[in-house]
Structure formats: structure tokens, C-alpha cells
Amino acid sequence: MIHKRSLLFHIFLTVCLCGFLLSCEKEYNSIYDQSPDERLRKTLDAYNDLLLSAPYGWKGTLKTKLGPVFFYYFDFHNEGKVTMLADFNQTTAGTAKEGTWVIKALQRPTLSFDTYSYIHLPADPNGNVNGGENGSGLLSDFQFAIASTAGDSIVLEGIQNKSSITLTKVTQPEVTQLTSGQMKNMLQYVASHKGLRLTLPDKTTIPLAISTLTKTIASQYLSADESEIEEFTTPFTFSPSGITLTTAFTIAGASFKELHWDVDKQEFYVDATRRIINDNSLFILTPSIPLSSTLGSKYAFLQVPENTDFYPLLGQSNEFLSLYSQARESMLAGDYKLTLKQMDFVFKPSTHTLLIDVYVTQNGNLFLGQYMYTYELNEAGIFKFTFNQANDVAWAIQGDLSGLLSYIDNDTFTVKYIGGAHQLLGGMFSQENTNFSFSGYLGN
């Protein structure tokens, strides 16, 4: 009897529970009158309509995971077509390219660029395309989750590499600037002008180095007490109206974050009184503590990079570049088939020693050729070098380097800071032959 009552009780509970669940289902259906698929489709359509709603298109700054940033202009069309421009290079800045796009559902609503176009260039796994690593490029994306929207902006997050881009609507004047080729003109100007200068309100002139490869702008200038050199570097992107710095440049009480583009004069300016000019003469920095006193202490060496004859540094004379090229070609064509890498001029003031470290490779193996000199430094800051000894590798390549080494053996040199590159340079200038000078990056 007890078991029968228990069974009836459990049946009663089961019926009640089913009724409760059915009532919940009815309530659920009354709240959500669309299926999950229908709601998802509605969300995707809303994002699709949002991208199509900008009459002049969208602009955005793509931030790659490895650091470089790029400006993009997108004009989305019906039927999955998109027209774009980018500041990746002069071609992408001046020639619009059409691609395809779609809003689809992955884990989140996602904007996907389905055909290879300008947005794929930073993500290309071929490092020769974008200057990144082979196999991964600049760690960028071409599929972006829609992270958020607010007003006239859309925040996108890369699916694979977490690069990011924020889209904002373009104005009519901006699209006129972009489609008339002004961004391409800016890139051409930067590529052809290597002596950019800016004069500050206090009449101080500073150099500006702008790299379209690394997307950075750099400057070197005297400290407030003029005792040493200070350096500034920040990423930048082009914009419809000029260049936008990631970090504002503040110096001598002046600050700026934009370089505006003068369409009529085809040059940059900060404001009406501060225009960017080009001066190809060397920008020599002269702090109260000269370079001759800091070589071997603050700066351990001066480095001439590999292939400097193809990519000359400021302060490298034609005579030096010619002799360097001869040495590089002679090593490669010689019996040992050597590839000339960097050359380090290492100063050791405690022993008045200069080490010229010449790095070469053979079949992927690295070798060091080292020449040892002693030196005298007079009160005028002039160096005189005297050959002391060399190791076996150095003797093996001595004939290849004889043209360069003859100047070190026979001439005296002054050393000077050189500004205007993307890193601070040190230059060595022959006092007997004004046609011979060379420079390298100062390092520790």
C-alpha cells in the first residue's frame, strides 16, 4: 500500500514537472518570436546595412601585431564588392582595387575579405611582400570580428592574429582627397625627400626622417642643456589630409601630432608658421660633449650595416661607397666565396685601441675578421690610427679591403654626430681627403 502511494506520488510530480516545462516553453516562445537562425540573420543584415550606409565610405587604421600600422579607405557596395585604397605603398595609395566582402557568422559576426586585395598585404606570409617574417608576415588579418559599434564607428578585431582596425565614416572632402591621388603624392614626396627639416618657434631646426617601410617618424636633437643628443621615434599613418603620429612630438615647448599636406604646394606643414622644408646637406649635431669623448663609453661602436652600398647612410661619401662595393664584390667572387656582412668600429679608450670587426659568412657560417689599431686623439678631437695586428680571417680578406683600409692607415679623422636618419649616426671624416667619409649606427 505504501509503495502504491509512493508510485502515485512520483507520477503526480512527473505530470506537474512536465506541465511546468511546457508552460516555460510557451513563455519562452512568447518572448523570442524568432528562431536563433532568424535572429542571427537579422544581426548580420544589420551590420551589412551599416557598412553600406556610409555615402562616402569608411576609413580606418590597421594595427598589426608586429607593430606597423596602415591607413585604409573602404567603399562597400552591394553584391559583396568593396573598393579600397591603402598607404601600404605608392600603388595601393593611388590605384583603387576592388575585392569582395561578406558578413558571416563564425563565433561572432565577422567581416571577411574573401579575395586577395590590399587588406591581405600585411598578412601575406611572404616576408618580401611586407617586410615581416616568412611564414607569418606582419601578423595581421583579413577576417575581423565585429567587436562593437558606436555612432559612426565600428571596432574590428582580427580573428587569427588579433590585429585591430576602427572604421569611421569618411566625409566628402576626405574622399575627394583620397580619390584624387593625394595620398600617393605624399608617399612620393617622402620617398624622394631625405633631408626634411622643421624649424620650431624658438628658431631651432630639427631633422625629420620618415620611413614608409617601417611606418615610423624619427628625429634627433640637442638636449635642453645642449650637452647630449636626444632621440624621438613614433609610428605614424597617412590620412586623407596628411600624416598622423601615434605619439605627439613635444620639444622646446612645442608639440604636434599632425603633419598637414598642402595640396597646392605639395609639401607638409605643422601650421602656418612651421612648414617642412627639404635640405640635403648633412645635419651635424654639435653638443657640448663631442662624439670623440663618448666613443667607447656611451657608444661602444659605430656599425656600418650590410649592403650599405645599396642602401647608403647619410654621411657615406661616393668614394667610400665605391670602395665598399669593390670589397663586397671581390669577397664574393674570390676563392672563399664570402658574403660581407656588417663592419663594427669598436673604440676602447682605456687602451686607445680601435678594433675593426669585419663579419663575413661562408655557406651560412659566420666568421670574424679583426683588425687592431692603436690611436692618438688630440685636443681638437682628431684621431690618428696606427695598425697593430690582425687575425687570420682579417689577413685572408685584407686584399679585398685594401682600398678602405688605406684611408684608415694614412689619414686622420674627426668624428661627428649625424642627424636625419631613423637612428643616430656617427660619421668619420678624413682631414686629408674631403671626398672620403663614412658613417654607421651608434650602438652599445
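Per numbering that gives the first Met the number 0, the very first residue in the sequence shown carries number 0; after that it's consecutive.
Yeah, the Cβ is synthetic: ideal placement off N, Cα and C, and Gly gets one too.
These figures come from a predicted structure and were not determined experimentally.
Bridge partner(s) assigned by DSSP for residue i
i                 : result
leucine 353       : Phe346, Tyr372
asparagine 277    : Leu195
tryptophan 445    : Nothing in the structure corresponds to residue 445, since the chain is present only between 0 and 443.
valine 68         : Lys62
valine 359        : Leu339, Phe366
glycine 418       : Phe282
tryptophan 57     : Phe73, Lys168
lysine 96         : Met83
threonine 413     : Ile381, Phe428
phenylalanine 237 : Ile242
phenylalanine 112 : Trp100
isoleucine 228    : Leu221
Whole-angstrom distance between residue j and residue i, CA atom to CA atom
i                 : j                 : result
aspartate 343     : serine 292        : 18 Å
phenylalanine 267 : leucine 195       : 10 Å
phenylalanine 386 : tyrosine 370      : 8 Å
tyrosine 55       : isoleucine 118    : 19 Å
histidine 192     : arginine 40       : 52 Å
leucine 49        : lysine 58         : 14 Å
methionine 182    : arginine 274      : 18 Å
phenylalanine 435 : phenylalanine 428 : 7 Å
leucine 244       : threonine 60      : 12 Å
asparagine 432    : lysine 297        : 28 Å
tyrosine 220      : serine 280        : 16 Å
isoleucine 205    : glutamate 375     : 33 Å
isoleucine 446    : leucine 207       : Residue 446 is absent from the structure shown; the chain starts at 0 and stops at 443.
glutamine 176     : serine 240        : 7 Å
glutamate 173     : tyrosine 72       : 10 Å
aspartate 356     : glycine 368       : 6 Å
lysine 69         : threonine 249     : Going by the sequence as given, residue 69 is phenylalanine instead of lysine. Rounded to the nearest angstrom, the two C-alpha atoms are 23 Å apart.
glycine 426       : aspartate 308     : 16 Å
isoleucine 1      : serine 34         : At isoleucine 1, the pLDDT of 44 sits below 50, so the modelled position is not reliable; the number obtained from the coordinates is stated separately. About 47 Å.
glycine 93        : glycine 180       : 5 Å
leucine 16        : valine 81         : Residue confidence for leucine 16 is low, a pLDDT of 48 falling below 50, so the modelled location carries little weight and cannot support an answer.
proline 67        : aspartate 334     : 42 Å
Given residue i as reference, the closest of the options once Cα atoms are compared
i                 : options                        : result
threonine 338     : Thr350, Val345, Gly363, Val174 : Gly363
phenylalanine 143 : Asn125, Val101, Leu137, Thr170 : Val101
glutamate 97      : Thr352, Thr165, Phe112, Gln106 : Phe112
glutamate 230     : Asp224, Ser238, Ser218         : Ser218
alanine 36        : Tyr416, Pro108, Gln430         : Sequence inspection shows aspartate at residue 36; the alanine mentioned does not correspond to that position. Of Tyr416, Pro108, Gln430, the residue nearest in Cα terms is Pro108.
leucine 120       : Leu281, Thr285, Thr411, Leu212 : Leu212
alanine 420       : Ala146, Asn88, His76, Ile216   : Ile216
leucine 197       : Gln33, His259, Glu132          : His259
phenylalanine 282 : Val303, Asp44, Ile228, Thr90   : Ile228
leucine 166       : Ser238, Asp224, Pro234, Asn160 : Ser238
alanine 271       : Phe255, Gln33, Thr285          : Phe255
alanine 149       : Ser316, Thr413, Tyr46, Tyr374  : Tyr46
serine 349        : Asp224, Ser240, Ser34, Leu294  : Leu294
glutamate 318     : Tyr358, Gln388, Ser405, Asn377 : Ser405
asparagine 390    : Pro234, Gly402, Tyr358         : Tyr358
phenylalanine 437 : Phe75, Asp86, Leu322           : Leu322
glycine 418       : Asp201, Ala332, Leu441         : Leu441
glutamate 225     : Ile288, Ser163, Gly180, Asp278 : Ile288
glutamine 388     : Gly157, Glu78, Leu354          : Leu354
threonine 232     : Glu132, Leu290, Ser210, Gln265 : Ser210
glutamine 430     : Lys161, Phe412, Leu423         : Phe412
asparagine 77     : Phe87, Ser147, Ala53, Thr91    : Ala53
alanine 190       : Ile396, Ile407, Asp410, Gln89  : Gln89
lysine 64         : Leu424, Lys161, Met330, Gly380 : Lys161
Short CB-CB distance (under 7 Å) between residue i and chain D
i                 : result
phenylalanine 309 : Here there is only one protein chain, and chain D is not present.
Where residue i falls: helix, strand or coil (DSSP)
i                 : result
asparagine 443    : coil
glutamate 78      : helix
asparagine 387    : strand
lysine 103        : strand
glutamate 219     : Correcting the residue type first, residue 219 is glutamine in the shown sequence and not glutamate. Three-state result, glutamine 219: strand.
serine 163        : strand
glutamate 431     : coil
alanine 85        : strand
methionine 185    : helix
glutamine 325     : helix
glutamine 302     : strand
phenylalanine 437 : strand
alanine 247       : strand
leucine 51        : helix
glutamate 173     : helix
phenylalanine 319 : helix
isoleucine 396    : coil
proline 206       : strand
threonine 307     : coil
glycine 402       : helix
alanine 122       : coil
leucine 294       : strand
Original post:
Mind pulling the beta strand (DSSP E) runs of 3 or more residues that sit fully within the stretch 125-155?
Top reply: 142-149
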